[in-house]
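Data first, discussion second: the structure below is written as structure tokens.
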Amino acid sequence: MAVRPGLIGRFFGGLWRALNFTRQLIFNLLLFAIVAALLVAWLSSDGPVVVAADTALIINLQGDIVEEYTIGPREAAVAEALGEQRFETRVRDVLAAIDSAARDPHIVRAVLVLDEMRGAGLATLREVAAALERFKASGKPIYAWGEGYSQAQYYLAAHASEVYLHPTGMLTVRGLEGTRGYYKTLLDKLGVKVNVFQAGRYKSFSEPFTRTGATPESKEADALLLNGLWSTWTGDVERVRRLAPGTIDAVIADLPQRLAAAGGDVARFAQDQRLVDGLRTRNQFREQLVQGGAPRSTEDNETFRQVSLYSYVRSTARQIGGAAVGVIVAQGEITGGDAQQGRIGARTMAELIQRARQDDSIKAVVLRIDSPGGQVQASELIREQLDLTRKAGKPVIASMGDVAASGGYWIAMGADEVVADAATITGSIGVFGLVPTFEGTMEKIGVNVDGVATTWLAGATDLRQPLDKRLAQSLELVVNSNYREFIGLVAQRRKSTPEQINEVAQGRVWTGAQAQERGLVDTLGGIDVAIKSAAKRAGMGDSYRIDYVEPEPRGINRYLSLFFGRIAATMRTEFGLEGLLGREGAAVKRDLQLVFGARENPLAAISYCFCELQ
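Quick note on numbering: the sequence shown equals residues 6 to 619 in my numbering.
Spelled out as structure tokens, the structure:
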């Protein structure tokens, strides 16, 4: 027989049921509100944006400029729905919008607003700058205004017809640096021994784990690379700003004296050095454009008629039907298996290349590479698929973005032609293997390791013990074999000899221009040059479309990605995201992941380049 609860029990039971009902009600209301908001965003995105006559295109770049998003559309939509800033912009969308606007009679001017742009590699910046130059060549002016300019922001702003800065703004042009953290002292204190096997005198990957500073060879190679990139940066800016060669280096060298002449006023200093054309507040800049003929906006009388790049790119016509050049983007570290956001999965990439090869409407393939490399076997699997595509009669062009080094260069060897920007970071033809062992750590914390194994190799992968000499010998053999294979492959594809390639290999990194001088690159140019070359080789003339071959979500993810991707595309017109992890923190995380991820396959060789610059 059940015991009836007392008065107090019934009171608290009722109170709990009321609280539980309230909790569920609030949760359901919030869920309903989120779904309703997403549906509104979905519905509001239907149809192209109507652009009125005499409109300005606002090129308001936000976040990092990338080849592909490194987060999925669902994550982007949720972040943007919560009001977080956009943190990535695809370079292809920027180029498409600018080039379309150059042909659009309704767009008569463009305005660069770069305050929310975080950065991009120099090769990517040069792609966007080339599009800006094409826009100006159509007879339409570009105006740049900023509260301040970082070095990357200023590179693009300098390509405007006129550049303006806020009267209290900062303009930062400081040069390039390539620095890394060195962990030997820390690892020694932790009792971690890093066993490194590498082929290539300039393959400097191991230095941060085995030294407290860079070797002279590393500094020599890095200096040549940095000076080459900086020469490209300053040369481009001095050309478009009509400054004498060497002006920017002279300004930096004499900074204290020149800044003193401007009374310490950085904005005035920038104008005195002819880096900007004038100093304006936002309202003054807007009013100047209105007085210059830009019609006032019907929605906001304080500004001019305009459309943002993110709205405009949705209104650009999609190309349908006809022969196509298929473009496949390979961005990130090269790994085995399926692709993850921001990484190149060999299985996924092979499927994309196979799909392009079997698609009769695709007559040629461009592989757009932005990768520092990764696993040797994964790189070779991708290259093999490109080789099959060439043998099937479809031209393959490798288009190098910011970085196409080590494994990124390896996969380019599957192409008929290698196209790189002058500022691409490439080469790094070398291989390494890395195994950390923790016998010292175990001793420090008082842990002993003992047991039995059926073979010496079974126990050799226990990283709590010293590295077995036989495993070390095997790793050395694997790395050297992979390096010889890499050298032989490059020699064959570049119509050279292994001895000649070895002279420019050794793990050394080059700019695209330096690589072309050494026979590692065929043509200097951006992705537009690569696409035109692919079309020409396929005999397509000037009549073709560009088809990006991308992974297709499977099952329910297909519909979720379409839904959230549409929402994200709509909300991007308003929002953008700053990363929580700084550049330095991300570099440390990446370094340690590579070190402590070696247990998965200690015999795996890696072809990777640490070639990030600031």
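Glycine included, each C-beta is placed from N, C-alpha and C at the ideal position.
Using 8 angstroms as the threshold, is the C-beta distance between GLN359 and GLN382 below it? Against a cut-off of 8 angstroms, the Cβ pair of GLN382 and GLN359 comes out as no contact.
With H, G and I counted as helix, E and B as strand and the rest as coil, what does DSSP make of PRO110? Of the three classes helix, strand and coil, the one that applies to PRO110 here is coil, per DSSP.
By the 10 Å Cβ neighbour count, where 16 or more other Cβ atoms means buried, how is ARG362 classified, buried or exposed? Label assigned to ARG362: buried.
Sequence ranges, beta strand (DSSP E) only - wholly within the region 106–151, length at least 3: Taking only runs of at least 3 residues, the beta strand (DSSP E) segments lying wholly in the region 106–151 are 112–118, 122–124, 147–151.
If we count the other Cβ atoms within 10 Å of its Cβ and call it buried at 16 or more, is ILE31 buried or exposed? ILE31 comes out exposed.
On a CA-only basis, which of VAL55, GLU422, LYS368, GLU292 is nearest ALA329? Give me that one, please. Per the Cα distances, LYS368.
In three-state DSSP terms, what is TYR315? TYR315 falls in the helix class under three-state DSSP.
Cβ contact (3+ pairs, closer than 8 angstroms) linking the region 522–541 and the region 238–245: No contact exists between the region 522–541 and the region 238–245.
Classify LYS474 as buried or exposed, calling it buried when 16 or more other Cβ atoms lie within 10 Å of its own Cβ. By the Cβ-count criterion, LYS474 is exposed, with fewer than 16 other Cβ atoms from all chains shown falling within 10 Å of its own Cβ.
Who does ASN200 pair with in a DSSP beta bridge? Beta-bridge pairing links ASN200 to VAL440.
Using the rule of at least 16 other Cβ atoms within 10 Å of the residue's Cβ for burial, across every protein chain shown, is PHE580 buried or exposed? Confidence at PHE580 is low in this model, with a pLDDT of 36, below 50, so the placement of that residue should be treated as unreliable; the coordinate-derived value is given next. Around the CB of PHE580, 16 or more other CB atoms lie within 10 Å, so the residue is classed as buried.
So ARG373 and ALA335 are in contact, right, with Cβ under 8 angstroms, and what is the actual spacing, rounded? Yes, ARG373 and ALA335 are in contact; Cβ-Cβ is about 7 angstroms, under 8 angstroms.
Do the region 125–132 and the region 251–268 meet, that is, are 3 or more Cβ pairs less than 8 angstroms apart? With the cut-off at 8 angstroms, the region 125–132 and the region 251–268 do not touch.
Write down every uninterrupted run of the beta strand (DSSP E) in the region 389–475 whose length is 3 residues or greater and which is fully enclosed by it, in chain order. Taking 3 residues as the shortest admissible run, the region 389–475 contains the following complete beta strand (DSSP E) segments, listed from N- to C-terminal end: 401–410, 422–425, 430–432, 436–442.
Among GLY445, GLN29, THR217, VAL452, the one whose alpha carbon lies nearest that of LEU472: When each option's Cα is compared against that of LEU472, the closest is GLY445.
What is the DSSP secondary structure of GLY283, counted as helix, strand or coil? GLY283 carries a strand assignment under DSSP once its states are collapsed to helix, strand and coil.
Could you tell me which residues DSSP puts in a beta bridge with ALA369? Answer by DSSP bridge pairing, in chain order: VAL330.
Can you confirm whether the region 155–163 touches the region 176–183 when touching is taken to mean that 3 or more C-beta pairs between the two stretches lie within less than 8 angstroms? Touching, yes, given that three or more Cβ pairs across the two stretches are closer than 8 angstroms.
Using the C-alpha atoms, what's the distance from SER486 back to LYS141? Distance between the alpha carbons of LYS141 and SER486: 52 angstroms.
For TYR207 and TYR315, the rounded distance between their alpha carbons: When rounded, the distance between both Cα atoms is 43 angstroms.
What residue does the alpha helix (DSSP H) around GLN276 start on, and which one ends it? It spans 271–277 - the alpha helix (DSSP H) in which GLN276 sits, taken as one unbroken run.
Cutting at 8 angstroms between CB atoms, please list the residues of its own chain near SER376, excluding the five before and the five after it. The residues are ALA335, GLN336, GLY337, GLU338, ILE339, ILE349, VAL408, ALA409, ALA410, GLY412, GLY413, ILE416.
ILE112 and LEU62: beta carbons closer than 8 angstroms? In contact: ILE112 and LEU62 (Cβ atoms closer than 8 angstroms).
Among LEU525, TYR317, VAL370, ALA265, which has the Cα closest to the Cα of LYS500? Looking at the Cα atoms, LEU525 is the closest of the given residues.
Mind the definition here: the region 196–211 touches the region 143–151 only if three or more C-beta pairs lie below 8 angstroms; say whether that holds. Judged by Cβ distances under 8 angstroms, the region 196–211 makes no contact with the region 143–151, as fewer than three pairs qualify.
Are the beta-carbon atoms of GLY406 and GLU72 separated by less than 8 angstroms? Note that the C-beta distance between GLY406 and GLU72 is below 8 angstroms.
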